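Asks: With full-length UniProt numbering applied, the sequence shown has no gaps in its numbers, which climb one by one up to 239 at the end.
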Amino acid sequence: MTIRVATYNLHGLRDSVPALTRVVTAMRADALCVQEAPGFLRWRARRRALGAATGLRQATQDRAGGTAVYVGKRARVLHAGTHALRAFAGLERRFLAVAVVAAGDARLAVGSLHLDLNGSARAHHAAEAMAIMEDVAAAYEAVIVLGADVNEREDRPAWRFLAGRAADCYAVAPKGDGLTFPSRSPSARIDGVFAEREARVVSCGGADASIADLAAASDHLPVVAELRVEHGAELRVGH
């Protein structure tokens, strides 16, 4: 079956929430990986409100790190959790949100990751996060799909590592120019969806929303990957 997995840095809902709501709705995502979800005043209510307004529900519930996974009506949550990544002195603590979801015959381990501006921390956390994803996916016989604000371009070490362990969906089946930052005048592709080879990438690109809404909703642009997971493709024998 075909599944839509998206990733989006929400910029803490500090921009136009009505525009962001329209953008998220336009994605028609079965699973949405978010970064910079609200984490302070009324954070629970604001996260719930976003889900209610867009037809999604929260799979992961922790505030830590601003990463979260939302799921659509077709998805059933089998497991959800948030994992603290290694602390680096003087840098913001980073976390990986993971939800194992079933949709029809497909079973996916969906992760949301926000890497640091520091290159050494990015490289370490990319490897650490992928190891966690592999462990969770193996436990649930699921296919890994990771949505990330990588905070670097595709020719840099952390991105290359992730793309070596799972397919860079845009590179496989590009739709549009792929640029994600800054939203008002995009010049770099620093956000991506990475999927294990058991998931065939049908297409990957931006959301079918208006240019005005995309510019007003956040400082990043979203990435939406359309994946086809065949019956039985979720079955794994270790990794």
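Every residue, glycine too, gets a C-beta built ideally from N, C-alpha and C.
Remember, predicted model here, so these are calculated numbers, not experimental data.
With C-beta atoms as the reference, is D135 less than 8 Å away from D191?
Replies: Going by C-beta atoms, D135 is not nearer than 8 Å to D191.
Asks: Considering only residues of the same chain and omitting the five flanking positions on each side of A216, which have a CB-CB separation below 7 Å?
Replies: If we look at A216 and ignore the five residues flanking it on each side, its Cβ neighbours are D15, S16 and A19.
Asks: On the three-state DSSP scale, how would you describe D149?
Replies: Of the three classes helix, strand and coil, the one that applies to D149 here is strand, per DSSP.
Asks: Using the C-alpha atoms, what's the distance from L41 back to G178?
Replies: Whole-angstrom Cα-Cα distance: 33 Å.
Asks: Note down the Cα distance separating A209 from P222, rounded to an integer number of angstroms.
Replies: The alpha-carbon atoms of A209 and P222 are separated by roughly 10 Å.
Asks: Quick one: what's got a C-beta closer than 8 Å to K73's C-beta in the same chain, skipping five residues either side?
Replies: If we look at K73 and ignore the five residues flanking it on each side, its Cβ neighbours are G55.
Asks: Contact check, C33 vs G147 under 8 Å by CB: the rounded distance?
Replies: Contact flag correct, Cβ pair sits at about 3 Å.
Asks: Out of V202, L214 and T67, which one is the CA nearest neighbour of C169?
Replies: C169 has its Cα closest to that of V202, out of V202, L214 and T67.
Asks: Counting C-beta neighbours from all protein chains within 10 Å, is the total for M1 16 or more, i.e. buried, or is it exposed?
Replies: With fewer than 16 other Cβ atoms within 10 Å, it is exposed.
Asks: Rank R44, G81, A26 and H220 by C-alpha distance to the C-alpha of A188 and give the top, closest one.
Replies: Among R44, G81, A26 and H220, the Cα nearest to that of A188 is on H220.
Asks: At 3 residues or longer, what runs of the beta strand (DSSP E) sit wholly inside the stretch 4-57?
Replies: Qualifying beta strand (DSSP E) stretches, in chain order: 31-35.
Asks: Residues in the same chain with beta-carbon distance under 7 Å from residue 257, minus the five sequence neighbours each way, listed in chain order, please.
Replies: Nothing about residue 257 can be read from this structure; the chain reaches only from 1 to 239.
Asks: CA-CA distance, R160 and A127?
Replies: Approximately 11 Å between the Cα atoms of the pair.
Asks: Who are C204's beta bridge partners in DSSP?
Replies: Looking at the DSSP assignment, C204 forms a beta bridge with P174 and A225.
Asks: How would you call residue 299, buried or exposed, if buried means at least 16 neighbouring beta carbons within 10 angstroms?
Replies: Here the chain covers residues 1 to 239 and nothing more, so residue 299 does not appear.
Asks: Using a threshold of 8 Å, state whether the C-beta atoms of V5 and L227 are closer than that.
Replies: Yes; because the gap between Cβ atoms is below 8 Å, this pair is in contact.
Asks: Starting from F194, follow the beta strand (DSSP E) in both directions and report where the run begins and ends.
Replies: Where F194 is concerned, the enclosing beta strand (DSSP E) stretches over D191 to A195.
Asks: May I ask which residues mark the beginning and end of the beta strand (DSSP E) holding G81?
Replies: Start and end: R76 to A84.
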